[in-house]
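The structure appears below as C-alpha cells.
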Ligand code: SF4
Ligand code: SF4
Ligand code: FES
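Residue numbers (this note's numbering), protein chains in the order written: chain A, 14 to 302; chain B, 39 to 267.
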C-alpha cells in the first residue's frame, strides 16, 4: 500500500471525525494509506496577513518540520482551513528566505531546520488529478442514484489565487466528483460564498442568515443535500439549521455531507452510526437504496 | 591550610554579590542575606514553589528553572519570583465530561496556542508542555494526562507563554478527569483506601505524628522503598 503522510487538524479529531474516517477508509480502496503524523499541532487556524507577524506562522511551519521528520516531502490535508493555512505559510517562507531564517532560528530546539521543501496537498485535487474521477466512477458499488447535490466550496479552497484548487468563480471539482459517484448536481449562486465562518462563535444570528440563504438557494434549484469540504462550513450549514429553524418556522432542513462521506458511500463502505451522530440533520434520509 | 573557596559574582535584583561557587540559587540568595518567605518550599525539586527566571552572562536567552536545583554561575542575573498568579476556575468534577467540552468551557484560552514551544523550553521537568496543550486542543485528555504527569506546578510555562495560557491548571484538570473517568480502576489502590478507612494503619500513623523532628527525618531518609513484592 502506498503511504502518504497525513495531517488531520484538530477538528477532524473531534467534531469532524466522520470526515477523517470516511477519507481514510475510502483511500484504502485505492491502495493508499493516509498515515497520520506522529506529532503535530494545530495548523494556526487562520493565515495571518500582517507582514510583520511571524509568530502566527510558527505553528504551520512546525507541522511541516514534523513531515520532514517522517522522511516525507508531501503532506495530505482534508480540512479546507488547515490546507489553506499550511499551504500559505509554506508559500510565504518559500518566497521569503529572511522569514524562513527567522522562523528556523526561533525554533532552535527542533532537530531539523525547515527548507521550504514540503508540498501541501488536499484530497480533492488528489482525487481529480492522481486517482482521477473516471477511475472512481469505475469503482462505484452503490450509486448516488441521481440524488441532487448542491456543492458548497466556501472560501479557503479557492482563495487566494496561489493556493486555489480550481477556478475561483466557476469551480466544478466537487460537482465532477458527485457526477462520478452517480449523483446529480445543481448550480447555485452561493457555492463560493462565505458561510459566516467564525461569526458562529458569538454572532450566531449572522450565521443563521447565511445558512438560510444558502440552504434555501440550494433547495430552490432542486437540491436534496449539500456537499462540502470544510468542517466550519459543515458546522454552520448543518448544525446552525437548528437556530435557523427556530427563527424561520417554514425553513426546511437539508442534510450536509463531507465529500468523503459520499465517496465512501459510493465505494460501498458502510455509513457508520458514529458518522451519522455527528450530523445535525439526518444524512441517511436521502439515500434511496 | 584549607583550600580557598572559589567565589562567583552574581546580580540579585540588580545588585552585585559574591557567593561561593556551586551554590543553588536559593542558597546563594540566603548567603547574600535574603530571607525567603515566598517562592520556596521543599528545597528538593518536588514542590514547584521556587520556579524562577534568570539570565547567564553573555547569553541572550531568558532562562527558567527551579531555584533549589539550579546552580549559580559567574555573572548570573537573578530575580526570585514569589508567586505566579494564574486563573483557576472552580468546578465540580462529577459534572464534567472527560472530553474537549470541559476545556472549551473552563479553559478556552488553550485554543490561543500558537505552537511557539516557549513553554516546553521553560519547563524544569523537561515535559513536552506544548504537546500536552496541543493534545488538549484535539480533545485527547488521556494524552495530556500522560504527558503532564510529572508536572510540579511551578508555573514557569504560564509565566513565559505569549498566548497567556495556564497550561498546568488545564493539565491538572485533564489528569483529574482521566483518573476519574478514563483509567481502569486500580484494585490495589481501592483496597488500600479501604484499609486506611477501616483504621488498619492508625497505630503506625499515631506513632509518626508523635515522633520528634529528628527521629522523623532519620526514619524518612532510612526508609526502604519497595516497588513491587
Ligand atoms: S508543565 Fe509548567 S507548571 Fe508543570 S513543571 Fe513544567 S513548567 Fe512547571
Ligand atoms: S508557550 Fe503558550 S503559545 Fe507557546 S506553545 Fe506553549 S502553550 Fe502554546
Ligand atoms: S523549593 Fe520545592 S521545588 Fe524548589
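Built from N, CA and C at the ideal position, the CB exists for glycine as well.
Cβ of residue i within 7 Å of any heavy atom in ligand 3?
i	result
residue 36 (chain A)	no
residue 18 (chain A)	no
residue 81 (chain B)	yes
residue 78 (chain B)	yes
residue 161 (chain B)	no
residue 84 (chain B)	yes
residue 87 (chain B)	yes
To the nearest angstrom, how far is it from the Cα of residue i to the Cα of residue j?
i	j	result
residue 17 (chain A)	residue 128 (chain A)	20 Å
residue 44 (chain A)	residue 163 (chain B)	43 Å
residue 247 (chain B)	residue 184 (chain B)	34 Å
residue 227 (chain A)	residue 203 (chain A)	6 Å
residue 93 (chain A)	residue 56 (chain B)	60 Å
residue 142 (chain A)	residue 265 (chain B)	59 Å
residue 121 (chain A)	residue 159 (chain B)	10 Å
residue 48 (chain A)	residue 199 (chain A)	35 Å
residue 116 (chain A)	residue 114 (chain B)	28 Å
residue 209 (chain B)	residue 165 (chain B)	12 Å
residue 195 (chain A)	residue 152 (chain A)	11 Å
residue 82 (chain A)	residue 135 (chain A)	20 Å
residue 211 (chain B)	residue 195 (chain B)	16 Å
residue 122 (chain B)	residue 102 (chain B)	13 Å
residue 220 (chain A)	residue 142 (chain B)	20 Å
residue 58 (chain B)	residue 119 (chain A)	35 Å
residue 60 (chain A)	residue 224 (chain A)	24 Å
residue 48 (chain B)	residue 69 (chain B)	12 Å
residue 290 (chain A)	residue 31 (chain A)	9 Å
residue 91 (chain A)	residue 207 (chain B)	32 Å
residue 163 (chain A)	residue 114 (chain A)	44 Å
residue 263 (chain B)	residue 255 (chain B)	15 Å
residue 171 (chain A)	residue 218 (chain B)	46 Å
From the beta carbon of residue i, is the nearest beta carbon of chain B less than 8 Å away?
i	result
residue 308 (chain A)	Given that chain A is displayed from residue 14 to residue 302, the structure contains no residue 308 (chain A) and the question cannot be resolved.
residue 27 (chain A)	yes
residue 72 (chain A)	yes
residue 243 (chain A)	no
residue 68 (chain A)	yes
residue 92 (chain A)	no
residue 79 (chain A)	no
residue 95 (chain A)	no
residue 75 (chain A)	yes
residue 215 (chain A)	no
residue 189 (chain A)	no
residue 4 (chain A)	No answer is possible for residue 4 (chain A): the residues shown for chain A start at 14 and end at 302.
residue 249 (chain A)	no
residue 52 (chain A)	yes
Shorter than 8 Å from the beta carbon of residue i to some beta carbon of chain A?
i	result
residue 161 (chain B)	no
residue 226 (chain B)	no
residue 188 (chain B)	no
residue 264 (chain B)	no
residue 94 (chain B)	no
residue 199 (chain B)	no
residue 175 (chain B)	yes
Could you check whether the Cβ of residue i sits closer than 7 Å to any heavy atom belonging to ligand 1?
i	result
residue 118 (chain B)	no
residue 13 (chain A)	The structure shown does not extend to residue 13 (chain A), since chain A is modelled only from 14 to 302, so the question has no answer here.
residue 23 (chain A)	no
residue 206 (chain B)	yes
residue 191 (chain B)	yes
residue 194 (chain B)	yes
residue 171 (chain B)	no
residue 262 (chain A)	no
residue 103 (chain B)	no
Between residue i and ligand 2, is the CB less than 7 Å from at least one heavy atom?
i	result
residue 200 (chain B)	yes
residue 58 (chain A)	no
residue 155 (chain B)	yes
residue 25 (chain B)	Residue 25 (chain B) cannot be examined here, being either before or after the span of chain B that is shown, 39 to 267.
residue 167 (chain B)	yes
residue 122 (chain B)	no
residue 152 (chain B)	yes
If contacts are defined as beta-carbon pairs under 8 Å, then residue i and residue j qualify, I think. What distance do you get, rounded to the angstrom?
i	j	result
residue 63 (chain B)	residue 116 (chain B)	6 Å
residue 86 (chain B)	residue 203 (chain B)	Going by Cβ atoms, the distance from residue 86 (chain B) to residue 203 (chain B) rounds to 17 Å, so no, they are not a contact pair.
residue 299 (chain A)	residue 269 (chain A)	11 Å between Cβ atoms; not a contact.
residue 131 (chain B)	residue 230 (chain B)	Not quite, the Cβ-Cβ distance comes to about 21 Å (not below 8 Å), so this is no contact.
residue 35 (chain A)	residue 274 (chain A)	5 Å
residue 232 (chain A)	residue 265 (chain A)	6 Å
residue 176 (chain B)	residue 23 (chain A)	5 Å
residue 157 (chain B)	residue 198 (chain B)	6 Å
residue 140 (chain A)	residue 178 (chain A)	At roughly 11 Å, the Cβ-Cβ gap does not stay under 8 Å, so residue 140 (chain A) and residue 178 (chain A) are not in contact.
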